[in-house]
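Residue numbers (the numbering used here): 886 to 1451. Beta carbons are placed, not taken as given, at the ideal position from N, Cα and C, and that holds for glycine. Every value quoted in this text rests on a predicted model; they were computed, and no experiment measured them. Below: the structure, in structure tokens.
So this is what it looks like as structure tokens:
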């Protein structure tokens, strides 16, 4: 039956119904992957665990085994012990006088100013976001920065709503330090993190006026989650009881802007509910015994132990990890073959994240061909990944304003495409990671797709200039790093193997060849042009010939849908 016949079925003719619910995408599971280790597998691993797949990184991991590659990304080998990066600095002195932080000096740990004339938070927030992007751009061969982004979408705060610069910096610092650590420990630490306390009103949660915001999100979003029907397995009484357990935590700012003892949260016993807290049958009817004085703070540990005793926590977090690193759809086969055994690994290892990620990233399921090139890049993945894949040059610290402006350009471009680092739209995070049925498809629409193309087009041509620095992709310099750039057929194959996660048709390759040949038919038209340039790189005429062709070549490649996929 062709389309016309289908559309002209007689009225009343019985429709054809077929049940496909028993057909699964794949039956693969957590058995270790033992297949080929080629550029295809390396590229897939890097695009999912880092921002983009740089040629130098691909070459490095091709020289490693699959196991060693994953261990490197998890910082088990080939890495020194983690040390926090240097903090962001005052890069905004040309436009704002910060009385508490001199130009070029780190501002974390110094007070914000809001005296009616000077308001430093906005400039510091922008500085932090730019600096955060720089950590992604300059990331080592590690999954850590991707995990920081994951956790910022899990333990969500909105920078716009916190308005204390050191709070939001230390929140980001906490995620980075614990990115490859213990999930239960991080949950405890985030619970009393000053930024989280302020964001979800935990600092206003007292024995006389309990605030349920954090007690609810702790269970609904951060740990237990909802059941298969979309309903929480815990009760409203559990939310209220959790809120009572967490009463008494405060932030140390006096008058909103002056730090009393280093921008730390603290426990105030007189604001804590000392009565017993009874939980529902979901938690086995547990009672957390109320404690007085400073011992009241210990009730939080009882709460964490009670919550993390539930199998639902590991299942929920493993589903979140799966949707972030593998694929958005979790069918019955994936639940049984991947999520359930992965959650068991998570629990067995006392909620350590590294063994869990190791099992997932080394699995036959992760490397299943059906899980490659099937996810639309997030805006941050798209912008930061593009700059890394093409080795875009950034200003050094001698031009501090230009350096931060270049980093911020990537941030603002991603923000215009609906992903602003540090400011998800709600406590649930960015919708593309949880909203059924669209999920990642929400990243692409009639507004965002043209912006993606405009970004890559401009990066391939004039670039973005600000504060004496230009952020631009140099197609000629990039092409010189390739294996056989003088052979147009090999050049096309290598570029596509680096940038695309899926195979393309010969028709597309043929069209790309016409770009390099400027409409001519013989391959030597490109070879001669390239050899002329390489023989005399200072010759402007030779440079312009290869530059114009390569600009059109790379621009076309990045404008296609294949480049939107990871």
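| Query | Result |
| --- | --- |
| Quick one: residues in its chain with C-beta nearer than 8 Å to the C-beta of residue 1408, no 5 flanking neighbours on either side, listed in chain order? | 1372, 1373, 1374, 1398, 1402 |
| Would you list, in sequence order, the uninterrupted beta strand (DSSP E) runs of no fewer than 3 residues that lie entirely inside the region 1136-1199? | 1150-1152 |
| Among all the DSSP beta bridges, which residues are the ones paired with residue 1237? | 1067 |
| Quick one, which of 1276, 1450, 1326 has its alpha-carbon nearest residue 1367's? | 1276 |
| What separation, rounded to the nearest whole angstrom, lies between the Cα atoms of residue 1254 and residue 958? | 21 Å |
| Exposed or buried, what is residue 1396 when buried is set at 16 or more other beta-carbons lying within 10 Å of its beta-carbon? | exposed |
| Taking buried to mean at least 16 other C-beta atoms within 10 Å of its own C-beta, is residue 1322 buried or exposed? | exposed |
| Of all the beta strand (DSSP E) runs that stay within the bounds of the region 973-1028, which reach a length of 3 or more residues? | none |
| Tell me whether residue 1357 sits in a helix, a strand or coil according to DSSP, three-state version. | coil |
| If I measure Cβ to Cβ from residue 1419 and keep anything under 6 Å in the same chain, skipping five residues before and after, which residues do I get? | none |
| With DSSP collapsed to three states, give me the class of residue 1400. | helix |
| For residue 1042, which of helix, strand or coil comes out of DSSP? | coil |
| When every heavy atom of the ligand MG is checked, does at least one fall within less than 7 Å of the C-beta of residue 1203? | Summarising the ligand content, the structure contains no ligands, and the ligand MG is consequently not present. |
| Let me check one thing: in DSSP terms, what residues is residue 1387 bridge-paired to? | DSSP lists no partner for residue 1387. |
| Of the choices 1340, 1281, 990, 1314, whose alpha-carbon is the least far from that of residue 1295? | 1340 |
| For the structure I just gave you, are there three or more beta carbon pairs, one from the region 1212-1222 and one from the region 1040-1048, closer than 8 Å? | no |
| Mark residue 975 as exposed unless 16 or more other C-beta atoms lie within 10 angstroms of its C-beta, in which case mark it buried. | buried |
| Would you mind reading off the limits of the alpha helix (DSSP H) that contains residue 1099? | 1098-1102 |
| Mapping the DSSP letters down to three states, classify residue 1048 as helix, strand or coil. | coil |
| For residue 1464 and residue 1087, what's the separation of their Cα atoms in angstroms? | Residue 1464 lies beyond the residue range present for the chain, which begins at 886 and ends at 1451; the question has no answer from this structure. |
| In chain order, what residues of the same chain have a beta carbon less than 8 Å from the beta carbon of residue 978, not counting five sequence neighbours either side? | 987, 988, 989 |
| DSSP state of residue 1377, grouped into three classes? | helix |
| Does DSSP classify residue 1268 as helix, strand or coil? | helix |
| Short of 7 Å in beta carbon distance, which residues of its chain neighbour residue 916, apart from the five on each side in sequence? Order them along the chain. | 1248, 1249 |
| Taking residue 1355 as the reference, which of 1343, 1362, 1364 has the closest Cα? | 1343 |
| Who pairs with residue 1261 in a beta bridge, going by DSSP? | 1450 |
| Determine the DSSP secondary structure at residue 1349, reduced to helix, strand or coil. | strand |
| Using the rule of at least 16 other Cβ atoms within 10 Å of the residue's Cβ for burial, across every protein chain shown, is residue 1133 buried or exposed? | buried |
| Could you check whether residue 934 and residue 1246 sit closer than 8 Å to each other, using their CB atoms as the reference points? | yes |
| Considering only their Cβ atoms, is the gap separating residue 1027 from residue 960 smaller than 8 Å? | yes |
| Considering only residues of the same chain and omitting the five flanking positions on each side of residue 928, which have a CB-CB separation below 8 Å? | 938, 943, 1382, 1383, 1386 |
| Can you tell me whether DSSP reads residue 1248 as helix, strand or coil? | strand |
| List the residues that DSSP assigns as beta-bridge partners of residue 1095. | BP columns for residue 1095 are empty, so no partner. |
| Can you list, in chain order, the residues of its chain with a C-beta nearer than 8 Å to that of residue 1336? Leave out the 5 residues immediately preceding and following it. | 1298, 1301, 1302 |
| CA-CA distance, residue 968 and residue 1013? | 18 Å |
| If we count Cβ pairs, one from each stretch, closer than 8 Å, do we get three or more for the region 1118-1131 versus the region 1058-1072? | no |
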